[in-house]
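Take a look at the structure set out below.
Numbering (the working numbering), first residue to last: 2 to 881.
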């Protein structure tokens with residue numbers, strides 16, 4: 002199968018900036034995507050982390066756009082982010098096309114005028130933010146230290162891949178403003194950059210705007226990749242790491258090839274054959290047959306200078322790493338000797354084809370069309386590879402895969418790392434940049450109205466045609482979900498739904514997985530609090546067989562006893578391993594503190610280990626028979642479909658599906674706490690403190706729902722929120738903080754989530770409390786905050802309807818919550834009617850500092866005394 006042609010135009014400005022333009026007018030959106038060909042590979046050993054540090058500093062304001070980058074664009078509905086790898090740095094802004102000129106003005110200003118806006122305060126704060134990011138993602142995370150250890154073991158000290166992109170904290174500590182400014186001026190220049198604009202744009206106007214804002218910037222020099230010798234390991238090396246984890250994990254990593262090398266495609270396909278999907282070799286042999294493993298992954302990671310091939314396996318409790326190591330070595334040797342089968346190769350090539358096509362559904366973000374055009378230009382000098390790169394995977398034969406195993410894996414030196422659990426221990430006219438350009442009036446996007454049909458057995462059908470690509474997404478939405486289970490059976494709904502693809506009366510679990518993966522169909526069964534969902538995403542050519550497969554799961558699940566025993570054991574092991582995660586402990590602790598013993602929300606959706614251990618197969622079968630039938634169900638389908646044509650297909654497949662009528666559960670009303678409390682869950686030796694702070698919130702059908710989401714935007718729902726401004730941008734205590742109303746059929750929790758450096762825990766918690774008081778008191782929401790939050794939600798909703806998958810998810814949730822199919826159409830009008838008085842009324846009804854429960858996971862030896870000094874709450878220390 003060939004991918005559709007992706008037309009684009011390309012021009013290089015006189016200063017060396019590469020520009021790629023593509024008109025794709027499906028929605029009134031534009032994706033702006035800027036790549037700099039610089040990453041951690043360009044750092045010297047005393048600069049480790051500089052490239053990633055600039056990912057942060059680039060959002061701190063430039064000379065003509067001071068202040069937070071987000072604050073200018075997020076109110077316009079923009080989706081903004083950036084990332085740094087070893088080989089490149091990228092920044093993207095996806096937003097309504099009306100604001101294209103503003104984002105180009107800002108993007109060019111931080112390219113040309115960032116350094117004058119840098120100062121010691123910004124540098125100090127962002128160093129602190131990066132340190133908290135390191136703690137959150139590495140030193141305070143289970144298995145987090147694996148990656149720096151593997152990098153040092155695989156590469157010699159002078160090789161730039163021997164350190165991670167996040168860098169070395171000592172280098173960041175010693176970095177001066179002059180050091181980082183010099184790094185920026187060397188690499189963040191037009192000649193070392195590529196800009197892609199994709200979306201509903203006028204090509205001539207867009208080219209003119211790019212020339213206007215970027216054309217006069219001094220070009221600089223294109224950076225060439227540093228020369229380093231190809232890395233090699235003289236002999237295999239085995240490393241053992243003790244960590245605070247419940248389940249042991251084993252990593253095996255070999256040196257392989259850079260990206261786009263001749264060996265890259267066959268090794269990538271071999272990794273998929275080994276571990277992609279439930280039909281893969283290692284999943285079937287390690288997870289299903291031997292039940293040696295909890296999960297398994299494999300990858301070929303090609304980068305600019307080198308590549309690695311890796312296998313990672315999390316063991317089941319009480320299983321031996323030695324047994325696993327012997328098995329993997331034997332498996333690699335067998336592939337090197339006998340190869341793989343044609344069926345295995347065809348399966349993963351089809352999956353790869355589908356993945357390429359699904360990525361083209363998005364114009365922006367990470368991995369969308371704009372990002373891929375830039376990637377192929379920066380790394381290969383040819384953006385047209387976006388539609389032809391797939392061919393190098395389609396050309397691979399079974400003999401080529403076997404040869405790759407021989408050349409790079411079998412008997413070759415490798416690094417293994419065994420993570421073993423342990424208990425915790427203690428020249429044009431100058432551009433006027435002073436006046437920001439005015440955006441065009443934005444086009445108010447109106448969400449589509451689905452075609453409404455009904456099958457003969459009463460199942461509702463909502464059809465949303467979107468025909469720009471030959472892809473289809475379908476979800477069967479079954480109301481109820483986790484809300485149907487009592488807390489004494491927490492996790493039952495999750496297990497019963499998860500088991501749907503583990504076997505039917507006509508297919509085994511392996512046959513289901515193989516059938517889906519052979520078509521490139523992504524098939525899933527998931528349970529939420531308010532509904533269960535059997536869903537798939539497929540190529541249009543495979544719609545009918547994919548639907549037949551999904552129907553089999555819905556109508557004929559057999560809950561085979563061997564698969565139940567395996568899945569039950571895996572779930573139990575996963576829940577026990579969550580004890581290692583401070584985030585999971587904090588969330589579980591908050592739910593238990595907020596909800597009573599008879600409330601279904603008392604425990605997480607997947608339950609807790611002490612309850613799940615007692616769940617039985619017969620209970621899961623009974624749950625399916627009672628709740629997972631056609632009563633109250635709906636099919637939501639979007640993509641390249643015809644409403645009338647699909648109706649006949651669905652009737653043929655689903656008309657015989659029968660079951661009892663559905664009765665919506667009555668969910669108890671949660672009660673607010675009588676006074677503020679702090680629950681300190683002791684975690685000796687934790688490198689960071691984790692907080693979950695909240696109280697019982699509101700239901701999805703509450704009249705305050707829309708005012709509440711506006712309040713949340715202002716408080717902690719976006720990067721420019723009050724909480725993030727205070728704790729990250731002003732204090733530098735955290736990598737980030739967010740708040741959220743988890744609105745369900747019943748009153749779900751309102752909570753604030755963050756991780757902070759341990760010595761600032763009490764200060765951070767006090768800041769959160771004071772911000773809530775201020776919102777209700779002397780600093781209520783302003784008209785500007787309301788306008789910006791409302792505009793961000795209205796203009797930002799457009800991208801939530803970009804793909805068939807996004808459409809079915811959004812509309813299936815409407816159905817589950819009993820909301821009308823035109824709910825999204827008049828969403829802008831409803832928000833426009835909310836004024837400051839209405840907002841403040843809702844705020845006082847829904848935010849309750851006097852009922853706040855703060856759950857903190859930290860080392861009690863260090864945290865207890867500072868927390869006791871917070872006079873507004875009582876402290877309780879919990880050892881488990």
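All residues carry an ideal CB built from backbone N, CA and C; glycine is no exception.
On a predicted model such as this, the values are computed, not experimentally measured, just so you know.
Going by DSSP, residue 524 is part of the beta strand (DSSP E) stretching over 523-528. Note on geometry: alpha-carbon atoms of residue 108 and residue 97 lie some 16 angstroms from one another.
Uninterrupted alpha helix (DSSP H) stretches at least 4 residues long and entirely within the segment 137-172 occur at 147-155, given in chain order. Distance from the CA of residue 536 to the CA of residue 668, rounded to the nearest whole angstrom, comes to 26 angstroms. Apart from the 5 residues on each side of it in sequence, residue 126 sits with its Cβ closer than 6 angstroms to the Cβ of 733 in its chain, given in chain order. Contact annotation: the segment 465-484 touches the segment 633-648, with at least three C-beta pairs closer than 8 angstroms.
By the Cβ test, the segment 212-232 is in contact with the segment 104-124, since at least three Cβ pairs between them sit closer than 8 angstroms. DSSP places residue 565 inside the alpha helix (DSSP H), whose first and last residues are 562-578.
A distance below 8 angstroms between beta-carbons, with the five flanking residues on each side excluded, links residue 715 to the following residues of its chain, in chain order: 722, 723, 776, 782, 786, 787 and 790. Residue 353 sits in a helix when the DSSP states are folded into three classes.
Cβ-Cβ distances below 8 angstroms link residue 604 to 488, 491, 492, 589, 592, 593 and 612 in the same chain, with the five nearest sequence neighbours on each side left out; the list follows chain order. For residue 751, DSSP records a beta bridge to 696 and 742.
Of the residues assessed, residue 13 falls on the exposed side of the cut-off, its CB having fewer than 16 other CB atoms within 10 angstroms. In terms of Cβ geometry, residue 692 and residue 757 form a close pair [threshold 8 angstroms].
Residue pairing by DSSP places residue 24 opposite 200 in a beta bridge.
The alpha carbon of residue 837 has as its nearest neighbour, out of 712, 578 and 867, the alpha carbon of 712. Bounds of the alpha helix (DSSP H) holding residue 72 are 70-74. Annotation: residue 396 is outside any alpha helix (DSSP H) and is labelled neither H nor E by DSSP.
When beta bridges are read from the DSSP output, residue 673 appears opposite no residue. Residue 455 is bridged by DSSP to 461. In this structure, residue 181 sits near residue 124, with a CB-CB distance shorter than 8 angstroms. With fewer than 16 neighbouring CB atoms inside 10 Å of its own CB, residue 826 falls in the exposed class.
In this structure residue 236 is exposed. Its beta-carbon is surrounded by fewer than 16 other beta-carbon atoms within 10 angstroms. Using a C-beta cut-off of 8 angstroms, the segment 296-309 makes contact with the segment 258-269, since at least three inter-stretch Cβ pairs fall below that distance.
One alpha carbon belongs to residue 357, the other to residue 272, and they sit about 17 angstroms apart. Rounded to the nearest angstrom, the gap between the Cα atoms of residue 153 and residue 410 is 20 angstroms. Only residues of its own chain outside the window of five on either side were considered, and among them 271, 333, 336 and 337 have a CB closer than 7 angstroms to the CB of residue 406, listed in chain order. Under the criterion of beta carbons closer than 8 angstroms, residue 770 and residue 873 qualify as touching, at roughly 6 angstroms. Under the Cβ criterion (8 angstroms, minimum of three pairs), the segment 555-574 counts as touching the segment 502-519. In the assembly as shown, residue 378 is a buried residue. Its beta-carbon has 16 or more other beta-carbons within 10 Å. Unbroken alpha helix (DSSP H) stretches of 4 residues or longer found wholly inside the segment 195-271: 204-215, given in chain order. In the structure shown, the three-state DSSP call for residue 473 is strand.
With a cutoff of 8 angstroms on beta-carbon distance, residue 118 and residue 90 are scored as not near each other. The beta carbons of residue 797 and residue 78 sit about 4 angstroms from each other, so the pair counts as a contact at 8 angstroms. Between residue 99 and the set 847, 185, 11 and 26, the nearest pair of CA atoms involves 26.
For residue 539, the beta-bridge partners assigned by DSSP are 473.
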